[in-house]
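A.B. asks: First the structure, which I've put down as C-alpha cells, then a few questions once you've had a look.
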Amino acid sequence: MTKRKSNNGTELSDWFYRELFQQVPLNVAIIDKDYNIIKANDNFSDYFGNWKGQKCYKVYKNLDYPCVGCNARLTFEDGKVRVSDESGVDQHGKQAHYVVHLAPLRKRANSPVEYIVEMSRDVIETKNWQAEYQLLFERVPCYITVIDRNYKIIRANENFRDNFGDVVGRQCYEVYKKRKTRCPNCPARRTFRDGRVHHSDQVGIKKGGEKAHYLLTTAPLGRDTENIAHVIEISTDISHTKQLEMEIIEAERHAAVGQTVAGLAHSIKNILMGLEGGMYIVGKGLSKDDKEMLDQGWDMLKRNLNKTTSLVRDFLSFSKGRLPNLVMSDPNLLVGEIIQLYKEIAKQVGITLIAELDKKITNVPLDPSGIHTCLTNLVSNAIDACQMSDDREGIVQIKTADKKGVLSFTISDNGTGMDTEVKRKVFTTFFTTKGNQGTGLGLLTTRKIVKEHGGRISVHSKPGEGSYFTMAFPKKRLHALYEETGGEIAKRTN
Amino acid sequence: MKQKIILIVDDEPDVISYLSAILDEDDYGIHTADNAEDGLKRARELQPDLICLDIMMPQESGLSLYTKLRQDKRLTTTPVIIISGIESQQEFDFRRYVTDKNIPPPDRYIEKPIDVYEFVSVVDALTTSEGNESAGKRRQQGEIQ
Numbered sequence: 194m195t196k197r198k199s200n201n202g203t204e205l206s207d208w209f210y211r212e213l214f215q216q217v218p219l220n221v222a223i224i225d226k227d228y229n230i231i232k233a234n235d236n237f238s239d240y241f242g243n244w245k246g247q248k249c250y251k252v253y254k255n256l257d258y259p260c261v262g263c264n265a266r267l268t269f270e271d272g273k274v275r276v277s278d279e280s281g282v283d284q285h286g287k288q289a290h291y292v293v294h295l296a297p298l299r300k301r302a303n304s305p306v307e308y309i310v311e312m313s314r315d316v317i318e319t320k321n322w323q324a325e326y327q328l329l330f331e332r333v334p335c336y337i338t339v340i341d342r343n344y345k346i347i348r349a350n351e352n353f354r355d356n357f358g359d360v361v362g363r364q365c366y367e368v369y370k371k372r373k374t375r376c377p378n379c380p381a382r383r384t385f386r387d388g389r390v391h392h393s394d395q396v397g398i399k400k401g402g403e404k405a406h407y408l409l410t411t412a413p414l415g416r417d418t419e420n421i422a423h424v425i426e427i428s429t430d431i432s433h434t435k436q437l438e439m440e441i442i443e444a445e446r447h448a449a450v451g452q453t454v455a456g457l458a459h460s461i462k463n464i465l466m467g468l469e470g471g472m473y474i475v476g477k478g479l480s481k482d483d484k485e486m487l488d489q490g491w492d493m494l495k496r497n498l499n500k501t502t503s504l505v506r507d508f509l510s511f512s513k514g515r516l517p518n519l520v521m522s523d524p525n526l527l528v529g530e531i532i533q534l535y536k537e538i539a540k541q542v543g544i545t546l547i548a549e550l551d552k553k554i555t556n557v558p559l560d561p562s563g564i565h566t567c568l569t570n571l572v573s574n575a576i577d578a579c580q581m582s583d584d585r586e587g588i589v590q591i592k593t594a595d596k597k598g599v600l601s602f603t604i605s606d607n608g609t610g611m612d613t614e615v616k617r618k619v620f621t622t623f624f625t626t627k628g629n630q631g632t633g634l635g636l637l638t639t640r641k642i643v644k645e646h647g648g649r650i651s652v653h654s655k656p657g658e659g660s661y662f663t664m665a666f667p668k669k670r671l672h673a674l675y676e677e678t679g680g681e682i683a684k685r686t687n
Numbered sequence: 127m128k129q130k131i132i133l134i135v136d137d138e139p140d141v142i143s144y145l146s147a148i149l150d151e152d153d154y155g156i157h158t159a160d161n162a163e164d165g166l167k168r169a170r171e172l173q174p175d176l177i178c179l180d181i182m183m184p185q186e187s188g189l190s191l192y193t194k195l196r197q198d199k200r201l202t203t204t205p206v207i208i209i210s211g212i213e214s215q216q217e218f219d220f221r222r223y224v225t226d227k228n229i230p231p232p233d234r235y236i237e238k239p240i241d242v243y244e245f246v247s248v249v250d251a252l253t254t255s256e257g258n259e260s261a262g263k264r265r266q267q268g269e270i271q
C-alpha cells in the first residue's frame, strides 16, 4: 500500500484521498487536455449522470462541441485558478445553475498543467431566491429607494420609477421634491447619523408634476449602526387618504356652519315667541285696562329684549378672532371683582359664594376683560346649577393656584352636576340646559378666550354631586404671548 | 257644556304665559307644567282634552314624554300639539322616530313663533266638534290678525 507523508509528518494512505474526493460536498470532476472527464465523484454522477468516456461539454451542457470562451482551455494555457457562473443541464435534462471552480493539476511546480479539477456547486435555489427578492422589491406596492451618503439614489423599485421617472444616479431631494438642496429635517440624514429607523410625513412632486403625500420610513442598510453606507427609504403613498381627509374636514365645516345657523335660528325663534307673547299680553292689558296684564306683558318684552342683547353680544364675542389684550394683572384681584359682582345675587337665591385665593400668586400677563367674561360665565353657570338642586344649601367656590408654572382658576359648585352626555356637549354651540335662560354660547366663548391665552379648560362632574371647571394657563406661554403681542413695547412706553 | 281641560308643557315661562293668555279668552281650564316629568304627572291626574307639548326641554325631552303618553292606556288618544322652535330637521327626526317605533303621530305640529289664528283654530278643532267657531268669532272681533 502506498504511503504518503503529510506536511506535519502524519502518514496518510490512498483510501484517505479517495474518501476525501468522494465526501467533499461538491460535484468534482477531473478533465484532461482533450476535455475528457477521466474521474468524477459520486456527487457529480448524481447531479450530471453518466460521464464515463464523455467530453465535459457534453456532460455539463449537452453540447457536441467545446463551449465558446471555455475557461478550462484558458487554465490549461496559463495555469490560473478560475471561478465562473454557468448554466447547463442536469442528468434529467433540466436547466441547472452552478458555480464552477477550476484549478490546475501539475505533477511538479512549474511543469505544464496536465489535468484540471472542476469543482461545481448547484446554485439554482439561490438563483430562485434572488429572483423572488427582485420581484418583491420591484412589485411591492410602495416606493423604495436606496441612497448612499451623498443622497444619490443607487436603486429604485418599479413603482417608484413609474411615478418619479428614471432616477438612479440622481439626488433623492431632486427626485422626490424637485429641490436643488437637501430637505430640512431630512429623515435619511438622521438615519445616517444615529443608525435608527425614522418616520415622517412628506409631500413630494411626481414626474407629471402632481403632488404626492407619502409616509416615509428610513432605515439603515446593513447590520452595523455606525458608518452606515446606505439608507433604504420606503414610502406609502397616502395622497388618496389625504384627499378623503380634506373632504371630511370640508363636510364637517359645512355641517358646523349649518348647525350654527340652525342653532341661531332656534334661539331667535324662542326670543321672537317671547316678544310676540309680550306684545299680545300688553295688547290685551291695554284693551281690558288691566294693569297686572300690562306689567306681565311689559316684563316679557323687557326680558326678551335683554335676551336679544345677550345673544348678539355672546355671538359677536364668540366670532371675534383676536389676540388677547394682555396686561400684567393680579389674578386674585380679578376673582375679587367677580365675588363683589355676584355675592349679592347669590345671597338672594340662598347660595354662598366663597373665594380661596393663593396669596403667593404674582402678577401675570392676562386679558382682564377676557378673564372677567370667563369667570362671569362659569360663576353664573355654577349658581344656576345650585339653584336647580333643591337638596342642600348651594356653595360656589372660586379658587386660584400657582403650581409648577401653571396658573389656574377653579370654579366649583355642589349643584346638580352633569351626566356624561351633558359633559360631552357643554362646549358645543347653542347647547344649553337652561331652557329660555341660556344662549348656549357662554362656555364656548369661555373656552375660546382660554385657548387665546394658550391655556385649557377642563370639566369634572358627577350628577347629583356638583361640577368643577378648571382654567389652566401655563405661565411660560402667557409671557411668550405677552412678548409676541407687543406687551413689552406697551410696558416700556408706560 | 263641560269645560275643556288643556295642559301646556313647556320649559319656557314666557311661552306658557303667552299660550295661557291666548287660550284664556275662551272657557278652557288651563294647566301648566315646566318639565316632562311634571307634565306626565299632571296629564295622568287631569286627563286633559288636549296637550300642548314642547320638544326641547332640559332633562327629559318632549319626545320622551310623548312616547310615554302614547303608551299610557288612559292618555293614548288624548290629542297632542307639538309646539316647538326647533328647525325642520328635528321635526323630521321626531316624525321618523314615531314612525320607526310604530307610535301614532301627534295631531299637529306648530312652529314657534306661533300664528295665533292657526293656534286657536287647531285647539278648537281638536277640542270641539264645532271646530273653528270660536276662532272665527274672535277674528270677527278683530282680536286675531
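Heads up: the protein sequence lines correspond to chains W and H, in order.
Under this note's numbering, the very last position in the first sequence is 687; numbers go up by exactly one each time.
Under this note's numbering, the very last position in the second sequence is 271; numbers go up by exactly one each time.
All C-beta atoms in this analysis are idealised placements derived from N, C-alpha and C, irrespective of residue type, glycine included.
(1) Based on Cα-Cα distance, which residue from W:Val261, W:Lys226 and W:Lys232 lies nearest to W:Asp271?
(2) Determine the chain H residues that contact W:Asn497 at a beta-carbon separation under 8 angstroms, and present them in chain order.
(3) DSSP on W:Cys260, reduced to helix/strand/coil?
(4) Nearest chain W C-beta to H:Gly165 closer than 8 angstroms, yes or no?
(5) For a cutoff of 8 angstroms on Cβ pairs, would you count W:Leu465 as touching chain H?
(6) Could you say which of W:Val643, W:His423, W:Met493 and W:Leu465 lies nearest to W:Arg670 if we only look at CA atoms?
(7) Note down, in chain order, every chain W residue with its Cβ under 9 angstroms from the Cβ of H:Tyr144.
(8) Would you tell me roughly how many angstroms separate the C-alpha atoms of H:Leu191 and H:Pro139, rounded to the nearest one?
(9) Determine whether the beta carbon atoms of W:Glu279 and W:Tyr291 lie at a separation below 8 angstroms.
(10) Is it true that the CB of W:Asp595 sits closer than 8 angstroms to the CB of W:Ala578?
(11) To which residues of the same chain is W:Gly628 closer than 8 angstroms at the C-beta, ignoring the five residues directly before and after it?
(12) Between which two residues does the alpha helix (DSSP H) holding H:Val248 run?
(13) So is W:Val589 buried or exposed if we call it buried at 16+ other beta carbons inside 10 Å?
(14) Going by the CB atoms, is the gap between H:Gly155 and H:Ile131 shorter than 8 angstroms?
(15) Flag W:Lys462 as yes if its beta-carbon sits less than 8 angstroms from any beta-carbon of chain H, otherwise no.
(16) Can you pull the chain H neighbours of W:Val477, defined as C-beta to C-beta under 8 angstroms?
(17) Closest to W:Lys150 by C-alpha separation, out of W:Ala665, W:Leu468, W:Cys260 and W:Leu487, would be which residue?
(18) Taking the alpha helix (DSSP H) that W:Thr384 falls in, what are its first and last residues?
(19) Closest to W:Gly563 by CA distance: which of W:Leu534, W:His646 and W:Gly610 is it?
(20) Check each residue of the region 480-492 of chain W: if its Cβ is closer than 7 angstroms to any Cβ of chain H, include it; give the result in chain order.
(21) Straight-line CA distance for W:Lys655 to H:Arg222?
(22) Please classify W:Val505: is it buried, with 16 or more other beta-carbons within 10 angstroms of its beta-carbon, or exposed?
(23) Helix or strand or just coil, what does DSSP make of H:Ser187?
(24) Name, going along the chain, the residues of the region 234-251 of chain H whose beta-carbon falls closer than 9 angstroms to a beta-carbon of chain W.
(25) Under DSSP, the beta strand (DSSP E) around H:Ile209 begins and ends at which residues?
(26) Considering only the alpha carbon of each residue, which of W:Lys371, W:Thr429, W:Glu403 and W:Ser480 lies closest to W:Asp394?
(27) Just tell me which of W:Ala539, W:Met521, W:Gly476 and W:Ile224 has its CA closest to the CA of W:Thr678.
(28) Quick check on H:Pro139: does DSSP put it in helix, strand or coil?
(29) Could you tell me if W:Asn321 is buried or exposed, where buried requires 16 or more neighbouring beta carbons within 10 angstroms of its beta carbon?
(30) Please confirm whether H:Asp152 has its beta-carbon closer than 8 angstroms to some beta-carbon of chain W.
(31) Between W:Glu367, W:Phe385, W:Glu586 and W:Ile576, which has its C-alpha nearest W:Ile421's C-alpha?
(32) Is W:Asp207 helix, strand or coil by DSSP?
(33) Should the region 233-248 of chain W be called in touch with the region 283-300 of chain W, which here means at least 3 C-beta pairs below 8 angstroms?
C.D. replies: Checking against the coordinates, here is how it stands:
(1) The shortest C-alpha separation from W:Asp271 is found at W:Lys226.
(2) Within 8 angstroms Cβ-Cβ: Asp140.
(3) Coil.
(4) No, no contact with chain W.
(5) Closer than 8 angstroms to some Cβ of chain H, the Cβ of W:Leu465 qualifies, so yes.
(6) Cα-wise, what sits closest to W:Arg670 is W:Val643.
(7) Within chain W, the residues placing a beta-carbon under 9 angstroms from that of H:Tyr144 are Met466, Gly467, Glu469, Gly470, Gly471, Tyr473, Ile474 and Met493, ordered along the chain.
(8) Looking at the two C-alpha atoms, the distance is approximately 19 angstroms.
(9) In this structure, W:Glu279 sits near W:Tyr291, with a CB-CB distance shorter than 8 angstroms.
(10) In this structure, W:Asp595 does not lie closer than 8 angstroms to W:Ala578 by Cβ.
(11) With a pLDDT of 49 at W:Gly628, under the threshold of 50, the modelled position of this residue cannot be trusted, and the question is left open.
(12) Here the alpha helix (DSSP H) through H:Val248 covers Val242 to Thr253.
(13) So W:Val589 counts as buried.
(14) Against a cut-off of 8 angstroms, the Cβ pair of H:Gly155 and H:Ile131 comes out as a contact.
(15) Yes, W:Lys462 counts as interfacial toward chain H.
(16) This sequence places Lys at residue 477 of chain W; Val is not what is there. Neighbours of W:Lys477 on chain H, chain order: Ala147.
(17) Lying before the first or after the last residue shown, residue 150 of chain W is absent from chain W, which here runs from 194 to 687.
(18) Here the alpha helix (DSSP H) through W:Thr384 covers Pro380 to Asp387.
(19) Check the Cα spacing between W:Gly563 and each of W:Leu534, W:His646 and W:Gly610: the tightest is with W:His646.
(20) Of all residues in the region 480-492 of chain W, only Gln489 place a beta-carbon less than 7 angstroms from a beta-carbon of chain H.
(21) Rounded to whole angstroms, W:Lys655 to H:Arg222 spans 33 angstroms at the Cα level.
(22) When all chains shown are included, W:Val505 counts as exposed.
(23) H:Ser187 carries a coil assignment under DSSP once its states are collapsed to helix, strand and coil.
(24) So the close ones are Glu237, Lys238, Pro239, Ile240 and Val242.
(25) Counting along the chain, the beta strand (DSSP E) containing H:Ile209 begins and ends at Val206 to Ser210.
(26) It is W:Thr429 whose Cα lies nearest to the Cα of W:Asp394.
(27) Checked all of W:Ala539, W:Met521, W:Gly476 and W:Ile224; the closest Cα to W:Thr678 is W:Met521.
(28) Residue state for H:Pro139 is assigned as helix, using DSSP reduced to three classes.
(29) Classification of W:Asn321: exposed, given that the 10 Å Cβ count is below 16.
(30) No, its Cβ sits nowhere closer than 8 angstroms to a Cβ of chain W.
(31) Its Cα nearest to that of W:Ile421, the residue W:Phe385 stands out among W:Glu367, W:Phe385, W:Glu586 and W:Ile576.
(32) In the structure shown, W:Asp207 sits in a helix (DSSP, three-state: H, G or I).
(33) Touching, yes.
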